[in-house]
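Below is one structure, written out as structure tokens; the observations come after it.
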Amino acid sequence: MKSDTVSTQNVVGYLAGSDSELKDEFIVIGAHYDRWGWEEKYQVAKKRIQ
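Each residue of the sequence shown is one higher than the last, beginning at 13 in our numbering.
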């Protein structure tokens, strides 16, 4: 596998809640916008979650 350094763009969003007691709490959900795909030949992990 060839390695290279490139610039990419990922997506970040924020949704404010309405509960005043939970205003200082947050949940982080991560994902990769610049992924290789679902094809088996691109999978490097032995196990994956779908």
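Note that beta-carbon positions come from the ideal geometry of N, C-alpha and C, so glycine has one too.
From the options, residue whose alpha carbon lies closest to that of residue i
i	options	result
Lys35	Ile41, Leu27 and Gly42	Leu27
Gly42	Ser15, Thr17 and Gly25	Gly25
Three-way DSSP call (helix, strand, coil) for residue i in this model
i	result
Glu37	coil
Ser19	coil
Ser32	helix
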